[in-house]
Every structure is written in C-alpha cells, then in structure tokens.
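Note sheet for the following structure.
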DNA sequence: CAGGTCTCCTGCTAGC
DNA sequence: TGCTAGCAGGAGACCT
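Right, here's the structure in full:
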C-alpha cells in the first residue's frame, strides 16, 4: 500500500523513465479510474502534451504539463510500468499513455486508484489537493499546530494520524511505526496527548518517513516502484505486520487490534 | 460539525 | 482437493 515514501520512490523512478516524453495517445480501459473530468476530455486534453515534471503532494503523484496537472492516487495497489508497444495488455492495466518508443501503463489490481486532470492554476484550490494538510517537513508542522487540530478530538491517535487533512502522507504502516517510536497507545484519545507526545509524533513522523524513503519504501504485498524494484523498509518495520513477534525493545509479544476499522499493530507494554 | 458507516474492488486465506 | 465466505484497506459519499 503506497504511502508517502512509496509515492516519493515512484516519483523518482518515473522521472528517470518518462520526463520530457510526449504523449501521443491515451487509452482508458477502466473509465471509473478517471474522477475528473470526463474520460473523453481527459484523453483529448493529454494528447500531444509533454511531461514536464513529476511531483508529489501527500500520497498523490503529480504529472506536470504545460497548463494542467494529471494527479494520480495509487491507493492500495496502483503501479506504473513502462512497456514495449508489443507487450500484451494485462488484465489489470487500466490506463495507457503512449509515447513514440514505448508506453506507460497504470496497473491496479483492485481498481481503487483515481486520476484527476486539473488546471495548473487551480490545483491548490480544487479537490482533492485542497483538502490536504501539511507535508511532514513543512515548518508549519509544530506542536501548536497539532494541539489546535487535536484539542477537541476524541478519536484515537491512530485514526487521526491517518487523517490526510492534518498531516498528509501517513498511511496504515507508518502510523503504527510512528506510534511505537513515540511510545503511544494507538487507542489513546487525541485530546489526552501532552506536549512531549506531540513533539515525539512530529519527530518520529519525519524520521520514519525519511528513513523509509532512503530505503525505497516498504514492500508489503505487491508494491513496486518499477518492474521488479522492491523497497527495503519492510525489513525495518518494528511493529507493523509483526503480530506474534517479540517487541525489539521489551520482548513483549506484538499484538494486532482494530482501530477505526484498520489493522493496528503495537506493543502493549511500551505503548501507553 | 464530528464521527460512524458504507462503498469501491479483487486476490488471498481460513475453514469446511 | 475444491469451494466459498470473509477480510484487507484510502478516501470520498452519505447519514446521524
């Protein structure tokens, strides 16, 4: 499941592969993937356009064109692969961007991914980008900012870490890791967090994500940044997906619970 | 307004 | 062995 570090890795991989390439043609094989505008307009607008840059905002991938951004969310299993024209179309290839020498295919087993084509000057004011909160490294991300957001919230901290309108980019894997390092019970209500807790959340959010980016993200299930390229952060996971294993800090068994409908892994001894 | 629930999808797995 | 019910999950829609 691509979170910020995986999207960052995909962005860097794609920049090496498709920057400055001109799209001759677009094929949309699964129309629901295109959230806005209509599929017809999406195809027409992209035809003949050159990919000027690729950026990232939260978990969104931003392909920059002269007057538009194609923004793409990979959700659970979305992947971009370069293929030769001759390669047969796969069962899960849903959108294809044709270049002269090869093509970029968006593959998504679960079809959860979504794409938008937005006017460049309206990007920050249009959904979904307008609903995003601060990037983890934004200087505005301070304990005062979090205090303001968390003050009246009774929801568990785990749930709120996944709220993209506060800090953007954290998903289920990294939320568990951040809470483990912050020694916080995932079920702890937001408003109960003290200054130290908030400082720890900010510190470890940045540390965990930076470390994961360095290692090319986490490969659980089927994430790849390019064909056969897997991240390495899964070897560094302290709690996530480690139910039954022993806590590296205290030796207690890591347990799995559900918080806000999400599988959540934590050490009941270290995290209070 | 905050928060809960449903929805979208398919592959995998537990259980019979 | 083969089948199926149930689960997994990011974020928007919808409801309370």
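In this note's numbering, the protein residues as written are 11 to 282. For glycine and all other residues, C-beta sits at the position ideal for the given N, C-alpha and C.
- DSSP, read as helix, strand or coil, puts residue 199 in strand.
- Residue 111 sits in coil when the DSSP states are folded into three classes, being neither helix nor strand.
- By the CB criterion at 8 Å, residue 86 and residue 105 fall outside the cutoff.
- For residue 88, DSSP records a beta bridge to 118.
- Residue 271 is classed as exposed because its beta carbon has fewer than 16 other beta carbons within 10 Å across all chains shown.
- A distance below 8 Å separates the beta carbons of residue 254 and residue 264.
- A Cβ-Cβ distance of about 7 Å is found for the pair residue 182 and residue 11, placing them in contact under the 8 Å criterion.
- Per DSSP, reduced to three states, the secondary structure at residue 100 is coil, with no helix or strand assignment.
- A distance below 7 Å between beta-carbons, with the five flanking residues on each side excluded, links residue 151 to the following residues of its chain, in chain order: 144, 177 and 212.
- Put simply, the backbone Cα of residue 141 is about 8 Å away from that of residue 174.
- Put simply, the segment 91-106 touches the segment 20-37. At least three CB pairs are less than 8 Å apart.
- Within the same chain, 153, 156 and 157 come within 7 Å of residue 208 by CB-CB distance, once the 5 residues on both sides are set aside.
- For residue 95, the CB contacts under 8 Å within the same chain, skipping 5 residues up- and downstream, are 108, 112 and 113 in chain order.
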